[in-house]
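*Asks:*
Chains as they are written, first to last, in UniProt numbering: chain A, 1 to 336; chain B, 1 to 336; chain C, 1 to 336; chain D, 1 to 336.
1. Please look up how many angstroms separate the CB atoms of residue 159(D) and residue 276(D), rounded, as I've assumed it's under 8 Å.
2. Residue 274(D) to residue 89(A), Cα distance in whole Å?
3. Helix, strand or coil: which one does DSSP assign to residue 293(D)?
4. Quick one: give me the first and last residue of the alpha helix (DSSP H) that residue 41(A) is part of.
5. Under a Cβ-count criterion, where at least 16 other Cβ atoms within 10 Å of its own Cβ denotes burial, should residue 46(B) be classed as buried or exposed?
6. For chain B, check one thing: does any of its Cβ atoms lie closer than 7 Å to the Cβ of residue 325(C)?
7. Could you check whether the segment 256-267 of chain A touches the segment 175-195 of chain A, counting it as contact only if at least three pairs of C-beta atoms, one from each stretch, sit closer than 8 Å?
8. Classify residue 186(C): buried if its beta carbon has 16 or more other beta carbons within 10 angstroms, exposed otherwise.
9. Closest by CA to residue 168(D), which one among 101(D), 50(D), 280(D)?
10. Between the UniProt domain "GFO/IDH/MocA-like oxidoreductase" (131-251) of chain A and chain B, which residues of the former have a C-beta closer than 7 Å to a C-beta of the latter?
11. Compute the Euclidean distance between the alpha carbons of residue 108(B) and residue 193(C), then round it to the nearest angstrom.
12. Leaving out five residues on either side along the sequence, give the residues of the same chain with a beta carbon under 8 Å from the beta carbon of residue 306(C).
13. If you run the structure through DSSP and keep just helix, strand and coil, what is residue 252(D)?
14. Report the rounded CA-to-CA distance for residue 115(B) versus residue 86(B), giving the unit in angstroms.
15. Quick one: measure Cβ to Cβ for residue 52(D) and residue 77(D), integer angstroms, because I've assumed they're closer than 8 Å.
16. Could I get the ranges of all uninterrupted beta strand (DSSP E) runs contained in the UniProt domain "GFO/IDH/MocA-like oxidoreductase" (131-251) of chain D, with 3 residues as the minimum, in chain order?
17. Residues in its own chain within less than 7 Å of residue 150(A) by CB, not counting five upstream and five downstream?
18. So what does residue 91(D) bridge to, in DSSP terms?
19. Taking three-plus beta-carbon pairs below 8 Å as touching, is the segment 303-323 of chain A in contact with the segment 294-305 of chain C?
20. Among 195(B), 234(B), 245(B), whose alpha-carbon lies nearest the alpha-carbon of residue 213(C)?
21. Where does residue 329(A) land, buried or exposed, given buried means 16+ other C-beta within 10 angstroms?
22. CA-CA distance, residue 319(B) and residue 175(B)?
23. In chain C, which residues lie less than 9 Å from residue 329(B) when you measure between Cβ atoms?
24. Of all the CB atoms in chain A, is at least one closer than 7 Å to the CB of residue 264(C)?
25. Can you give me the C-alpha to C-alpha distance between residue 38(A) and residue 44(A), rounded to a whole angstrom?
26. Which two residues bound the contiguous beta strand (DSSP E) that contains residue 262(D)?
27. Decide if residue 11(B) is buried, meaning its Cβ has at least 16 other Cβ atoms within 10 Å, or exposed.
28. Using a beta-carbon distance cut-off of less than 7 Å, what residues from the segment 270-284 of chain B approach chain D?
29. So residue 15(D) is in the beta strand (DSSP E); what residue range does that whole segment cover?
30. With a CB to CB cut of under 6 Å and the five nearest residues on each side skipped, what residues in its chain are close to residue 42(D)?
31. For residue 28(B), which beta-bridge partners are listed by DSSP?
32. Strictly below 7 Å CB to CB, what residues from chain B border residue 268(D)?
33. Considering only the alpha carbon of each residue, which of 136(A), 219(A), 280(A) lies closest to residue 251(A)?
34. Of all the options 124(D), 33(D), 315(D), which has the alpha carbon lying nearest to the alpha carbon of residue 280(D)?
35. Please check if any C-beta of chain B sits within less than 7 Å of the C-beta of residue 309(A).
36. Less than 7 Å between the beta carbons of residue 128(C) and residue 236(C), yes or no?
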């Protein structure tokens with residue numbers, strides 16, 4: 001049985017609390033910490049089997065009974081708390097991104113060296129049943145040598161404009177998941193990024209210095225080409241599809257839907273919209289990533305998403321940003 | 001918080017123990033009873049939060065702290081234990097079928113009268129996301145007046161031949177779910193049944209006096225016609241589809257699949273087989289039916305599947321059996 | 001080059017004239033005859049390369065240059081003109097059904113004996129790309145031994161009530177195509193028919209002594225069970241699907257659609273309705289059946305749909321009618 | 001009735017001869033010319049109703065009875081023969097591309113001015129039932145304002161290496177169709193092109209100075225972003241899909257398949273591969289483009305694909321080539 005502490009009980013923290021309660025057998029959350037911990041959240045946490053709540057995350061770091069920490073606080077604290085947790089000799093599960101700065105992630109990488117501690121980054125989509133099956137097909141050689149990797153990722157609604165302002169921009173906030181997906185599906189690193197972007201959804205996003213629509217092309221090290229298309233607003237809901245095309249075939253995944261029900265009437269043949277957003281679509285994946293993290297701790301396995309998997313998508317995101325700003329393809333080596 | 005006892009910890013009992021643990025917040029299983037309770041099962045039950053295990057189900061009936069009982073024992077005991085539980089003034093969730101004899105089910109119906117106790121029958125498919133969406137579309141009038149109801153239900157493998165011998169025959173063991181589905185989807189009762197059957201899958205099933213393949217046509221009271229096709233063996237896995245066709249359109253549901261991944265290669269465009277069998281396909285539905293039962297107890301609502309919903313499919317099954325044996329359509333009124 | 005005469009230039013006659021012009025290279029229509037031949041039809045025929053038009057079909061029978069005759073006149077004349085054409089020593093392509101009476105079809109069968117003439121019945125669906133692929137899969141053993149054959153056949157609109165009155169009833173007019181399909185797909189004959197029917201679409205159809213909705217179950221000679229569902233009105237258009245389920249798998253065909261375009265918006269994921277009716281759906285099949293007929297003449301091959309294939313579906317239709325009227329399953333042997 | 005001459009009777013010339021014979025009522029091919037005209041081709045042409053064949057295309061230009069000319073000769077002769085035909089005061093249907101040089105196409109444009117002659121370029125895909133439906137949905141505002149346009153275009157096999165050498169390169173030979181599609185679907189012009197390419201299919205293509213795999217991103221003048229992915233070899237056959245995503249929804253089209261038959265067995269749920277290549281996929285479109293051209297002549301309408309529609313995709317192709325060679329996005333204005 002692994003004793004966990006969880007730092008940050010906002011939306012994603014609550015997701016983890018719930019999925020640990022209902023899915024992860026070998027873990028118990030001893031303490032949940034949040035500077036804004038309120039009665040409602042504390043009540044929720046207790047109903048989900050959390051033994052203790054606090055406003056001070058240091059209680060978790062200092063608790064010798066706690067083996068591992070889930071960092072679900074705001075992005076700007078991820079690296080600092082990661083370093084503190086490592087110093088406290090506890091395993092770390094850190095939500096993405098570890099940081100927006102390469103140097104800060106490298107600090108965490110350095111701090112981990114020789115500790116034997118597990119460190120897992122929260123790219124939950126790798127644990128989705130669709131993308132997992134897809135990756136296994138590619139890795140098993142079912143499509144031969146990958147040649148074109150395509151990822152579509154569109155949100156049902158843009159985030160609050162105040163969030164947009166501190167998000168680090170679309171490439172580090174939204175596309176970062178797709179950069180991870182490209183690495184996961186292709187099994188190799190990107191060499192160069194070219195980003196074309198536009199502000200089409202909401203002028204406020206443009207005024208905040210960001211874009212909301214983008215197509216990003218990646219030259220991969222194995223010679224294949226990847227392309228990602230993103231939009232902050234899709235009226236039909238969360239659109240998360242991918243295809244990997246190779247010398248021997250193609251594997252593609254479609255969206256998930258609430259049901260397979262199809263209505264045929266005088267208007268056409270009408271299926272349901274996709275599951276609305278990431279909480280609906282990836283609930284199982286959130287459970288599976290923590291199960292995997294617990295398993296890595298209990299059986300001393302490598303976590304499937306190490307600090308390097310936290311680093312590379314940030315570099316790709318920074319390269320995309322630079323590409324968009326300078327209107328040219330940017331090599332990853334320029335940023336490393 | 002509702003205190004539960006569970007009688008019978010075979011396959012379906014374990015399914016309920018697990019889904020109550022991981023899905024149903026307002027219930028706790030105080031005691032699990034099974035005459036063949038062994039160490040492994042007791043260990044499993046405890047790991048899932050069951051407080052106590054026993055070989056004597058009477059402990060449950062006599063425990064004043066237990067509010068409700070889940071009857072998951074063998075079919076021939078369902079009616080007897082239902083009656084005992086009602087006498088013990090506890091709510092009942094009873095796995096299907098309540099009994100193979102109409103008279104026995106009527107006894108339970110009588111015993112319930114005036115007690116105010118909740119009684120729910122375990123036709124889990126009504127809680128499946130696909131069939132639920134379908135029923136809602138029909139009930140909302142989206143297809144107009146139903147005219148043709150079609151249900152396909154095929155198992156990946158026939159059950160053990162020893163089970164077949166005591167199963168009551170395909171119509172009471174397998175088709176009974178589809179009879180419930182016909183009532184659920186059409187919102188009305190059947191008036192007459194005609195069954196055509198065959199022994200095509202395994203001669204041993206024929207030697208045991210049963211069939212393994214059947215097409216059953218039902219004249220419904222509202223004028224529509226329903227048709228069910230069954231087979232005990234489908235090499236591509238569990239096949240559970242339905243369509244309701246009406247004056248203003250059609251709603252249909254397809255199988256569920258492990259993922260949306262599709263492989264395109266020189267052999268064709270290849271999707272995954274359906275989820276293998278009922279445990280894979282209906283796991284969520286098992287959780288939802290118990291949630292609904294608990295909710296009915298806590299908030300004094302009617303259960304969505306009363307003893308009458310336990311009775312009618314048995315009558316339909318008996319009519320189908322008679323139709324098959326006598327080579328003629330059989331009116332339900334002949335059996336009531 | 002085969003010289004053709006065509007008798008009857010109504011809707012189906014025009015279809016053949018057009019498809020022979022645009023698809024069939026080795027045939028020319030020398031004469032088209034219709035008692036109601038008018039200027040418009042004559043003009044159409046000439047624009048399609050027909051050399052001569054007449055109101056007297058005997059001109060065709062007496063023309064020594066004409067090798068083969070397409071009988072597209074009203075059903076009640078099919079058998080008589082078939083017999084006259086055979087006497088005139090010309091090959092016959094006869095639209096379905098040959099007749100509604102078994103004895104009349106047997107007369108044609110007798111007349112053909114020893115003549116060496118080709119006789120093909122117009123069950124066009126056998127030449128549809130979907131059903132052809134399906135039949136080939138079954139015949140190639142891809143699904144093992146057939147166990148359940150399912151056919152859905154629904155029209156977008158019922159025919160004119162005056163037509164309904166002389167149509168011979170739904171089983172001989174509409175289901176007859178599906179009876180042919182059952183024989184084609186299963187590769188064997190039916191032994192027994194049970195028909196359940198209803199008048200749900202239009203009371204006028206009931207007043208005319210017919211039904212508009214039906215489910216027909218067939219016990220096949222090879223042990224498999226077939227089931228057909230029919231409705232005279234489907235608001236989403238022509239619905240022509242089938243599946244054959246067997247010991248090693250299932251093959252199914254869906255409707256054809258005007259395009260693969262799918263619209264995803266806030267109302268759902270919306271595909272186009274099926275091709276509207278048989279002219280849209282089976283235009284290619286009409287061409288292919290005549291190509292096959294011409295090929296049988298030119299290369300002295302057996303036609304794929306002989307007089308026996310004209311006879312059996314009529315017997316099945318009569319058995320279905322009797323079953324519906326007498327509320328019992330009817331063996332085909334009762335009608336032979 | 002329009003009298004046609006056809007110059008060039010290679011593969012595409014034969015396609016037009018056949019589709020004019022079987023689809024286009026108001027046109028007759030008086031003469032077909034090809035310097036390599038042989039007996040087999042002459043025989044084919046005659047069987048398809050062509051009145052006369054010759055090795056000298058000048059016979060066509062000098063024939064006062066011929067109203068319009070189809071130029072199906074090799075690409076390097078398109079502009080010259082276009083100019084000669086215009087001088088001969090005949091309408092022109094010219095296969096794509098008009099030329100690989102902008103200046104040459106501008107010459108044709110100039111020559112057309114004031115003549116009143118029709119000029120149509122052979123971008124056949126605009127007449128495909130799928131893309132036509134898609135374009136109509138976009139033009140009707142069903143998806144709101146276009147934001148992302150995606151086109152997938154992959155061939156089943158690369159062309160002969162000798163053809164590759166003279167093809168003008170992948171962007172002018174293959175992507176040119178997709179550039180036309182981008183303009184057709186978006187209803188606007190591209191402003192800038194960025195091309196990423198690779199030689200992954202066959203080293204011989206690389207040795208010939210060409211690539212076989214590419215992802216091309218286009219900044220459109222209306223603010224939307226388009227992306228095309230190409231590959232010269234797709235083992236599952238011709239892959240021609242597209243999607244247009246906008247502020248109010250998305251419309252997408254899938255491949256066409258030989259049938260809707262799906263086989264379900266122990267290996268999965270298996271549909272047929274797409275129609276093999278462009279002749280199978282676009283046969284109807286070839287007929288429709290000529291029908292449209294004839295209609296434009298007969299009723300003095302503008303052709304839907306004018307010389308400008310011949311020019312712009314060539315500029316886009318040249319920009320893509322430059323982008324690939326110079327590793328940077330290229331503005332179309334650099335090439336105009």
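All C-beta atoms in this analysis are idealised placements derived from N, C-alpha and C, irrespective of residue type, glycine included.
*Replies:* In short:
1. For the purposes of this step, residue 159(D) is taken as the residue at position 159 of the fourth chain. For the purposes of this step, residue 276(D) is taken as the residue at position 276 of the fourth chain. Rounded to the nearest angstrom, the Cβ distance from residue 159(D) to residue 276(D) is 15 Å, too far for a contact under 8 Å.
2. Locating residue 274(D) in the fourth chain gives position 274, counting from the first residue. Locating residue 89(A) in the first chain gives position 89, counting from the first residue. Approximately 56 Å between the Cα atoms of the pair.
3. Taking the fourth chain and counting its residues from 1, one reaches residue 293(D) at position 293. Residue 293(D) falls in the helix class under three-state DSSP.
4. Numbered from its first residue, the first chain carries residue 41(A) at position 41. It spans 39-47 - the alpha helix (DSSP H) in which residue 41(A) sits, taken as one unbroken run.
5. Here residue 46(B) refers to the residue found at position 46 of the second chain. Label assigned to residue 46(B): exposed.
6. Stepping through the third chain from its first residue, residue 325(C) is reached at position 325. Not closer than 7 Å to any Cβ of chain B, the Cβ of residue 325(C) fails to qualify, so no.
7. Result no; under three Cβ-Cβ pairs closer than 8 Å.
8. Numbered from 1 along the third chain, position 186 holds the residue referred to as residue 186(C). Buried, since its Cβ has 16 or more Cβ neighbours within 10 Å.
9. As a first step, residue 168(D) must be located in the fourth chain, where it is residue number 168. It is 101(D).
10. Cβ contacts with chain B: 133, 134, 137, 142, 248, 249, 250, 251.
11. Counting from one through the second chain, the residue named residue 108(B) turns up at place 108. Counting from one through the third chain, the residue named residue 193(C) turns up at place 193. Rounded to the nearest whole angstrom, the CA to CA distance from residue 108(B) to residue 193(C) is 40 Å.
12. In the third chain, the residue the question calls residue 306(C) occupies position 306. Only residues of its own chain outside the window of five on either side were considered, and among them 119, 120, 121 have a CB closer than 8 Å to the CB of residue 306(C), listed in chain order.
13. In the fourth chain, counting from the first residue as 1, residue 252(D) sits at position 252. Residue 252(D): strand per DSSP, three-state reduction.
14. The residue you call residue 115(B) lines up with position 115 of the second chain. The residue you call residue 86(B) lines up with position 86 of the second chain. Their Cα atoms are separated by approximately 8 Å.
15. If you number the fourth chain from 1, residue 52(D) lands on position 52. If you number the fourth chain from 1, residue 77(D) lands on position 77. Contact flag wrong, Cβ pair sits at about 21 Å.
16. You should have 146-154, 190-198, 213-220, 225-231, 239-246.
17. Position 150 of the first chain, counted from the start, is the residue given in the question as residue 150(A). For residue 150(A), where only same-chain residues beyond five positions count, the Cβ hits under 7 Å are 227, 242, 243.
18. Position 91 of the fourth chain holds residue 91(D). Looking at the DSSP assignment, residue 91(D) forms a beta bridge with 68(D).
19. Taking 8 Å as the limit for Cβ pairs, the verdict is that the segment 294-305 of chain C does not touch the segment 303-323 of chain A.
20. Taking the third chain and counting its residues from 1, the one referred to as residue 213(C) is at position 213. Considering only alpha carbons, the answer is 245(B).
21. Residue 329(A) sits at position 329 when you count from the first residue of the first chain. The residue is buried, with at least 16 neighbouring Cβ atoms inside 10 Å.
22. Position 319 of the second chain, counting from 1, holds the residue named residue 319(B). Position 175 of the second chain, counting from 1, holds the residue named residue 175(B). Approximately 12 Å, taken between the alpha carbons.
23. By one-based count along the second chain, residue 329(B) stands at place 329. One finds 194, 196, 327, 328, 329 in chain C with Cβ atoms closer than 9 Å to the Cβ of residue 329(B), taken in chain order.
24. Within the third chain, residue 264(C) is the residue found at index 264, counting from 1. Answer yes: the Cβ-Cβ gap between residue 264(C) and chain A drops below 7 Å somewhere.
25. Along the first chain, read from residue 1 onward, the residue named residue 38(A) stands at position 38. Along the first chain, read from residue 1 onward, the residue named residue 44(A) stands at position 44. Going by the C-alpha atoms only, they are around 10 Å apart.
26. Against the fourth chain, residue 262(D) aligns to sequence position 262. Unbroken beta strand (DSSP E) run through residue 262(D): 262-265.
27. By 1-based counting over the second chain, the position of residue 11(B) is 11. If you draw a 10 Å sphere on the C-beta of residue 11(B), you find fewer than 16 other C-beta atoms in it, and that means exposed.
28. Listed by position along the chain: 270, 271, 272, 273.
29. For this step, residue 15(D) is matched to residue 15 along the fourth chain. If you look at residue 15(D), you'll find it isn't in any beta strand (DSSP E); it sits in the alpha helix (DSSP H) that goes 11-23.
30. Looking up residue 42(D) in the fourth chain gives position 42. Non-local C-beta neighbours of residue 42(D) in its own chain, meaning closer than 6 Å and more than five positions away in sequence, comprise 53, ordered along the chain.
31. Taking the first residue of the second chain as 1, we reach residue 28(B) at position 28. Bridge partners of residue 28(B): 3(B).
32. The residue given as residue 268(D) occupies position 268 in the fourth chain. Contact annotation for residue 268(D) against chain B: 270, 271, 272, 273 [CB-CB distance below 7 Å, chain order].
33. For this step, residue 251(A) is matched to residue 251 along the first chain. The residue with the shortest Cα to Cα distance from residue 251(A) is 136(A).
34. By one-based count along the fourth chain, residue 280(D) stands at place 280. Closest by C-alpha distance to residue 280(D), out of 124(D), 33(D), 315(D), is 124(D).
35. One-based indexing of the first chain puts residue 309(A) at position 309. With a threshold of 7 Å between beta carbons, residue 309(A) makes no contact with chain B.
36. Position 128 of the third chain holds residue 128(C). Position 236 of the third chain holds residue 236(C). Going by C-beta atoms, residue 128(C) is not nearer than 7 Å to residue 236(C).
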